[in-house]
Amino acid sequence: MPILEVNNIGKSFGETRVLENISFTLEEGEVLSIIGSSGSGKTTLLRCLNFLEIPDQGSIYVRGNKLFCSEDPITRSEEEIRRKRLHFGLVFQNFNLFPQYTALENVTLARKLMAKAEKTGETEQAIIEEGKQLLIKMGLEDRMENYPHQLSGGQQQRVAIARALAMKPDILCFDEPTSALDPELTGAVLKVIKDLADQKTTMIIVTHEIDFARDVSSRVIFMDRGVVAQEGTPQYVFDEAPIPRLAEFLGQVKR
Amino acid sequence: MSASVIINRLLECSWLNIEIFFVTLLLGLPLGLIIAFGSMSKFAPLRAFTQTVVWIIRGTPLMLQVIIVYYGPGLMFGMKLMPRMDAALLAFVINYACYFSEIFRGGIQSMPVGQREAGEVLGMTKRQIFFKVTLLQVIKRIVPPMGNEFITLVKDTSLARIIANKEIIMMAQEYAASNGLIWPLFSTAVFFLIASGLLTLLLNYAEKKLSYFN
Ligand SMILES: Nc1ncnc2c1ncn2[C@@H]1O[C@H](COP(=O)(O)OP(=O)(O)O)[C@@H](O)[C@H]1O
Ligand SMILES: [Mg+2]
Chain A
24 MPILEVNNIG KSFGETRVLE NISFTLEEGE VLSIIGSSGS GKTTLLRCLN
74 FLEIPDQGSI YVRGNKLFCS EDPITRSEEE IRRKRLHFGL VFQNFNLFPQ
124 YTALENVTLA RKLMAKAEKT GETEQAIIEE GKQLLIKMGL EDRMENYPHQ
174 LSGGQQQRVA IARALAMKPD ILCFDEPTSA LDPELTGAVL KVIKDLADQK
224 TTMIIVTHEI DFARDVSSRV IFMDRGVVAQ EGTPQYVFDE APIPRLAEFL
274 GQVKR
Chain B
1353 MSASVIINRL LECSWLNIEI FFVTLLLGLP LGLIIAFGSM SKFAPLRAFT
1403 QTVVWIIRGT PLMLQVIIVY YGPGLMFGMK LMPRMDAALL AFVINYACYF
1453 SEIFRGGIQS MPVGQREAGE VLGMTKRQIF FKVTLLQVIK RIVPPMGNEF
1503 ITLVKDTSLA RIIANKEIIM MAQEYAASNG LIWPLFSTAV FFLIASGLLT
1553 LLLNYAEKKL SYFN
């Protein structure tokens, strides 16, 4: 059974049709890269998966459980959505760290709140310990007590990745995780994502880093004007069947 | 009449100013936050109602509001006059809550949506996001404009005299009129300068305390 099944997702903003009939599946441990020119709907798709936008059409299943179906009003209630979005994690383009908390507090805040609200029995100590391990994994062992403004963009993004991982999502989504970074800082971020891929973390990565996508992904989707225009293994999409729009796009990003 | 008697009397009357100041903050700040949520409500009639109330309160003199709160219920509905001080406090709380609400609203609306969304994707509830993520950032943003309001409030407290609450300036004016003394009036100025000076120090301290993040 696929870990994620997305069927016929459609989304409009007012009159503008932004997503049309988006369908794909993802197996556990796979990495899916989504490429496509600006405005093609990549961010909106990730936002739909994380329920920051509610699709107008379609359905989303995780491990066979129906998370969302546009026909079914129950799945739209706020409390349910809050629980369901925990299946997904999202790493934003511009990090969105909480400025008033240290790196470690950013990573542990939501877990602590959840443990308290739902009496999971998890001790604060255990959560903090786990948060430290995550930051160590991100290569930030000496940055745990720093506030976001004291960190470089690349460090901030790695804190954001640790923060998302702390919630143990089934599927971790990245929205252009390196495009707000100075070129010399992208390497460290791409490396931790690559490590996560090697450890079989299920991920969906929107990226313009074509070489990275080729290296890290099991599958690639090329989006064009709100539809999936091409899909397959990296070899297939990039080398064997680059449709004209894709060839044009690849030409632009490589320059 | 000796100077020390006069000073003691002025200080006694200044308690009234001090009481108005603290009661207005204590009740006006939470009420202002509630009004701010009303004026940002998704429910259009509530939003329109709240914004109209805020417009009326901010658009008319506090002095007029104090007078209306005191005489209005009696003249319009035949109710018994309420104690002068209660009327003043009520008018001050409502008036300042409206000013505070606009500052809260500005602070909340200037928050980048990314902060809320980051909390949402981490499974936090709206409440948790407000109290654990948004609030402190909003407070940091609104300390300077709030500070201005607090200092204005210190000086506005003397408006309570319009319904014969004997606050510090009113008392000093009596000494001017009946004893021909000017210095009691000047000494009230010292009172206000000290009060606003202390406030300024406190606000600077708060700003400094919150400067550990951006
Ligand atoms: N909240 C919104 N309201 C209206 N239009 C939007 C909104 N979000 C995105 N869009 C539009 O949807 C289209 C796709 O945007 P987006 O998903 O951000 O594309 P991408 O991430 O591929 O650049 C764009 O034309 C954009 O202007
Ligand atoms: Mg985008």
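Those protein sequences? They're chains A and B, same order as listed. Going by our numbering, 82 is the number at position 59 of the first sequence; the sequence numbering is gapless. Going by our numbering, 1440 is the number at position 88 of the second sequence; the sequence numbering is gapless. Note that beta-carbon positions come from the ideal geometry of N, C-alpha and C, so glycine has one too.
- For B:Gly1466, the CB stays at least 7 Å from every heavy atom of ligand 1.
- Non-local C-beta neighbours of A:Phe118 in its own chain, meaning closer than 6 Å and more than five positions away in sequence, comprise Gln179, Gln180 and Ala183, ordered along the chain.
- Taking C-beta separations shorter than 6 Å and ignoring five residues to either side along the sequence, the partners of B:Leu1383 in its chain run Ala1449, following chain order.
- Just so you know, the alpha carbons of B:Phe1565 and A:Leu127 end up roughly 15 Å apart.
- Ranked by Cα distance from A:Leu69, the options A:Leu42, A:Gly87 and A:Ser100 are led by A:Leu42.
- Per the coordinates, the alpha-carbon of B:Gln1417 lies some 18 Å from the alpha-carbon of B:Gly1430.
- Assignment of B:Tyr1423 by DSSP, reduced to helix, strand and coil, places it in the helix class.
- Every residue whose Cβ sits closer than 5 Å to any heavy atom of ligand 1 is listed here in chain order: A:Phe36, A:Val41, A:Ser61, A:Gly62, A:Ser63, A:Gly64, A:Lys65, A:Thr66 and A:Thr67.
- Apart from the 5 residues on each side of it in sequence, B:Lys1484 sits with its Cβ closer than 8 Å to the Cβ of Gly1471 and Met1476 in its chain, given in chain order.
- In the three-state reduction of the DSSP assignment, B:Asn1566 falls in the coil class.
- Rounded to whole angstroms, the separation of the alpha carbons of B:Ala1443 and A:Phe197 is 53 Å.
- Interface flag for A:Gly144 against chain B is unset, since no Cβ pair is found closer than 8 Å.
- Remark: the C-beta of A:Glu76 is outside contact range of ligand 2, defined as less than 7 Å to any heavy atom.
- Chain order gives the chain B residues near A:Gln123 as Leu1488, Gln1489 and Phe1565, where near means a beta carbon separation below 7 Å.
- Shown here, B:Ala1516 sits in coil according to DSSP, grouped into three states, outside any helix or strand.
- DSSP places A:Leu163 outside both helix and strand once states are collapsed to three, so it counts as coil.
- The beta strand (DSSP E) runs lying completely inside the region 40-69 of chain A and spanning 3 residues or more are 54-58, given in chain order.
- Gly1466, Gln1467, Glu1469, Ala1470, Gly1471, Glu1472, Val1473, Leu1474, Gly1475 and Met1476: these are the residues of the region 1465-1476 of chain B whose beta carbon lies less than 8 Å from some beta carbon of chain A, given in chain order.
- Contacts with chain B at 8 Å (Cβ-Cβ) include A:Ala133.
- Counting C-beta atoms within 10 angstroms of its own C-beta, B:Thr1376 has 16 or more neighbours from the protein chains shown and is therefore classed as buried.
- Its chain contains Thr225, Ser241 and Arg242 as the residues whose beta carbon lies nearer than 7 Å to that of A:Glu53, once the 5 sequence neighbours on both sides are disregarded; these appear in chain order.
- A:Tyr259 carries a helical assignment under DSSP once its states are collapsed to helix, strand and coil.
- Within chain B, the residues Glu1469, Glu1472 and Val1473 have their CB atoms less than 8 Å from the CB of A:Leu75, given in chain order.
- Out of B:Ser1393, B:Pro1397, B:Ile1386 and B:Val1421, the CA that lies nearest to the CA of B:Ala1512 is found in B:Val1421.
- In the structure shown, A:Leu90 adopts extended strand secondary structure according to DSSP, grouped into three states.
- Judged by DSSP secondary structure, A:Ser82 falls within the beta strand (DSSP E) whose first and last residues are Gln80 to Val85.
- If you look at B:Gly1390, you'll find it in the alpha helix (DSSP H) that goes Ala1355 to Ser1391.
- Per the C-alpha coordinates, the member of B:Val1406, B:Lys1560 and B:Ile1460 positioned closest to B:Val1445 is B:Val1406.
- Think of a sphere of 8 Å around the beta carbon of A:Arg108: the chain B residues whose beta carbon falls inside it are Glu1472, Val1473 and Gly1475, in chain order.
- For A:Phe36, the closest C-alpha among the options A:Ser56, A:Ser46, A:Thr67 and A:Leu49 is that of A:Thr67.
- Using a Cβ-Cβ cut-off of 7 Å, B:Val1485 is close to Phe121 of chain A, given in chain order.
- If you check the CB distance, A:Ala187 and A:Leu136 do not come in under 8 Å.
- Ligand 2 never approaches A:Glu28 closely enough for any of its heavy atoms to be under 7 Å from the residue's Cβ.
- Residue side-chain check: A:Glu164 keeps its Cβ at 7 Å or more from all non-hydrogen atoms of ligand 2.
- Inclusion of A:Arg166 and A:Leu157 in the CB contact set at 8 Å is not warranted, their separation being larger than that value.
- Checking the DSSP bridge columns, you'll see A:Ser35 partnered with A:Arg40.
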